[in-house]
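Residue numbers (the UniProt record's numbering): 1 to 760.
See structure below.
Below is the structure:
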């Protein structure tokens with residue numbers, strides 16, 4: 001087991017690493033050339049202009065204002081200055097609730113077991129209450145949005161002599177005659193999507209050559225190309241050494257023209273081929289009340305047909321999975337469950353080896369030839385204090401990507417659901433391999449034999465005995481993954497390198513620069529399970545080995561500050577789920593509390609206090625009862641939409657906007673993005689002339705008019721009447737939320753579609 005000196009060596013290495021990362025970040029972030037890496041969100045929102053636009057040549061790359069070097073730590077007070085309501089308006093509720101998890105962790109690890117349990121339950125209750133209240137106020141503050149009126153319908157039956165579109169119209173006009181408005185069919189357009197991507201690449205090359213010609217107008221750009229076979233296959237001359245030299249601008253214009261013709265033919269082929277229409281559709285209603293009735297009731301006497309659920313918001317849809325047959329989802333989930341089990345089992349082998357490094361006596365018995373090297377003071381301290389945590393972090397680096405792929409194979413149609421499923425898999429993996437695996441296999445040379453040959457009732461006792469022995473390993477893990485990892489998060493070394501490499505070699509147009517600047521969203525599938533692991537460690541060791549608590553508290557406080565800075569300045573959320581992940585966070589913190597109580601029971605059963613263990617046996621029962629109460633008290637806010645509140649919201653709309661045209665607003669809200677982008681390339685000038693849009697206005701009320709002609713919609717118009725272009729749903733800009741903490745609470749809920757469930 002690592003000694004205090006080993007922990008000291010590890011602490012010194014990680015503190016120096018974290019300090020170096022923070023110092024590098026403080027210096028690099030004030031350089032003009034790095035401005036788009038460390039403040040990309042402000043560029044995306046249009047709130048910042050490039051500092052490289054003026055000044056001399058050197059000032060475009062390096063800050064010459066020496067006062068900025070004296071205030072290089074001012075990012076910390078700036079990250080704390082923004083109020084929570086401003087933060088929600090700036091980054092959305094998901095980001096704000098994500099930060100609240102860190103703040104919650106700073107206050108939850110105190111007290112002895114009973115007081116500790118009471119305190120955690122009290123904090124969880126208050127936080128659940130706060131999150132539910134914030135969610136309701138947040139949703140009540142939203143303006144009209146397409147998902148409030150729309151449900152996704154899956155497993156639409158094939159009726160002989162009727163198309164899917166006709167079946168949908170007939171079914172909903174019959175069963176929802178007063179509330180049904182329209183529907184958007186979903187097409188299997190995978191081949192068309194490939195053509196769209198190829199056309200985008202051609203457009204990008206055309207933009208690049210046109211910019212090149214504007215800068216050097218004395219000579220038109222040319223390139224060498226081999227003979228063309230068709231518009232879909234062309235090759236450049238190898239390294240420009242052979243091939244026919246052509247005018248680049250004319251060539252790409254001709255290629256795009258040919259591509260547009262072929263894409264139009266392919267698009268018509270998709271629309272006319274009944275086999276390309278999927279048995280799934282987005283059905284919109286005249287009111288929220290009508291949508292709520294449809295989404296929350298069984299539509300057919302056959303419970304496997306006409307399955308309805310609330311539609312995700314358009315930005316949240318994972319379009320590729322809509323083509324998956326609904327009946328295959330159960331098989332897919334079974335296969336992925338078995339695969340996850342196999343993955344956990346496979347990873348036990350390297351995890352066991354890594355954790356055995358923390359017990360050098362056992363390692364020397366297995367490999368005695370390494371004893372001279374291991375006994376060196378620095379090597380011994382490095383192996384026991386630093387290497388296990390670092391190696392474990394490397395093993396876990398590729399895991400989130402694999403788990404996300406598995407979640408996609410399961411067939412979920414919402415990005416938020418995909419991330420929550422991947423997060424759940426990652427959490428279970430870390431619980432088994434990082435926590436339980438580290439405890440058991442880390443002392444494998446002493447206890448593995450007895451562990452495998454004892455009754456299941458003795459497992460908590462065995463693990464309980466091992467817990468204090470592994471405190472030093474988890475301290476090093478917290479320092480490597482937590483302290484140095486969070487410092488690496490704010491440094492953004494990987495995005496920094498990738499941005500400059502793209503900027504030097506790949507960026508040819510402003511579109512390329514925008515893509516290189518996009519920082520993406522907070523990585524919930526990886527950060528949430530890590531957060532919950534730290535909760536587990538803090539709760540388990542709070543009573544057994546309290547020396548771990550300062551390391552946990554430092555992590556939560558430091559991470560809260562860093563992520564607050566990142567959410568304000570860096571990350572750009574792809575979707576907004578209204579904190580739908582919070583119930584999962586709550587249940588896993590409760591699970592951590594139960595695990596800590598069971599393990600404490602096992603530990604005390606080996607001591608002289610064995611007679612007191614019955615007093616602790618009641619704690620898991622009380623904790624689980626508390627969890628059930630919280631589920632009944634708060635979880636409906638995340639799963640159901642009361643008809644009373646839906647009607648109240650509809651009446652409010654009718655009072656304030658009696659002339660609203662919902663048909664135009666919802667007509668193309670759920671149009672597949674590839675069809676939309678194909679039409680917008682040609683119609684952008686016309687649309688700008690017809691409707692002027694302010695980027696700072698609301699997400700749901702500022703859209704360009706989208707008619708149901710062949711250019712803007714892949715599906716036949718369900719309502720032939722032409723309406724004025726007002727209140728059209730717009731996909732181009734993220735939502736701006738008018739969040740008011742003093743407003744009264746209205747129970748308006750947001751839902752995410754998930755096969756077979758209500759809302760999760």
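The beta-carbon is built from N, C-alpha and C at its ideal position, and this holds for glycine as well.
Values in this document were obtained by computation on a predicted structure and should not be read as measured data.
Three or more Cβ pairs closer than 8 angstroms define a contact, and the stretch 541-557 falls short of that threshold against the stretch 41-52.
Between residue 601 and residue 588, the alpha-carbon positions lie close to 20 angstroms from each other. For residue 289, the uninterrupted alpha helix (DSSP H) run begins and ends at 288-295, by DSSP. From the listed residues 222, 497, 436, the smallest Cα separation to residue 469 is found for 436. With a 10 Å radius around the Cβ and a threshold of 16 neighbouring Cβ atoms, residue 654 comes out exposed. In this chain, the alpha helix (DSSP H) harbouring residue 500 covers 493-505.
Two segments are said to touch when three or more pairs of C-beta atoms, one from each, lie closer than 8 angstroms; by this definition the stretch 127-135 touches the stretch 576-595.
DSSP places residue 285 in no alpha helix (DSSP H) but in the uninterrupted beta strand (DSSP E) bounded by 277-285. Contact between residue 141 and residue 312 is ruled out by a C-beta separation of about 20 angstroms, above the 8 angstroms threshold. Note that the C-beta distance between residue 10 and residue 560 is not below 8 angstroms. Look at residue 178 here: in three-state DSSP terms it is coil, with no helix or strand label. 623 is the residue among 567, 603, 623, 572 whose C-alpha sits nearest the C-alpha of residue 591.
The Cβ atoms of residue 573 and residue 530 lie no closer than 8 angstroms to each other. Setting aside the 5 residues that flank it on each side, residue 209 is surrounded in the same chain by 221, 248, 249, 252, each with a C-beta closer than 8 angstroms to its C-beta; the list follows chain order. Contact check for residue 182 and residue 663: beta-carbon distance about 6 angstroms, within the 8 angstroms limit, so the pair qualifies. Here residue 430 is buried. Its C-beta has 16 or more other C-beta atoms within 10 Å. In this structure residue 599 touches residue 467 by the C-beta definition: roughly 6 angstroms separates them, less than 8 angstroms. If you check the CB distance, residue 63 and residue 40 do not come in under 8 angstroms. By the Cβ neighbour-count rule, residue 552 is buried, with 16 or more other Cβ atoms within 10 Å of its own.
When DSSP states are grouped into helix, strand and coil, residue 319 belongs to the helix group. Taking the Cα positions, residue 397 is about 23 angstroms away from residue 502. Annotation: the continuous alpha helix (DSSP H) that includes residue 666 extends over 662-666. Using a 10 angstroms sphere on the CB of residue 485, the tally of other CB atoms reaches 16 or more, which defines it as buried.
Residue 201 holds the alpha-carbon nearest to the alpha-carbon of residue 508 among 266, 537, 399, 201. Setting aside the 5 residues that flank it on each side, residue 630 is surrounded in the same chain by 128, each with a C-beta closer than 6 angstroms to its C-beta; the list follows chain order. Using a Cβ distance threshold of 8 angstroms, residue 156 and residue 289 do not count as a contacting pair.
Boundaries of the alpha helix (DSSP H) around residue 648: 643-656. For a cut-off of 8 angstroms, the C-beta gap from residue 524 to residue 419 is around 5 angstroms, short enough to register as a contact. Setting aside the 5 residues that flank it on each side, residue 586 is surrounded in the same chain by 124, 128, 630, each with a C-beta closer than 7 angstroms to its C-beta; the list follows chain order. Burial is judged here by how many other beta carbons sit within 10 angstroms of a residue's own beta carbon; residue 568 has at least 16 and is buried. Between residue 570 and residue 38, the CB-CB gap stays under 8 angstroms. If one requires a minimum length of 4 residues, the alpha helix (DSSP H) runs lying completely within the stretch 544-578 are 549-569, in chain order. Between residue 100 and residue 322, the alpha-carbon positions lie close to 34 angstroms from each other. Under the 10 Å beta carbon count, residue 652 is surrounded by fewer than 16 other beta carbons and is classified as exposed.
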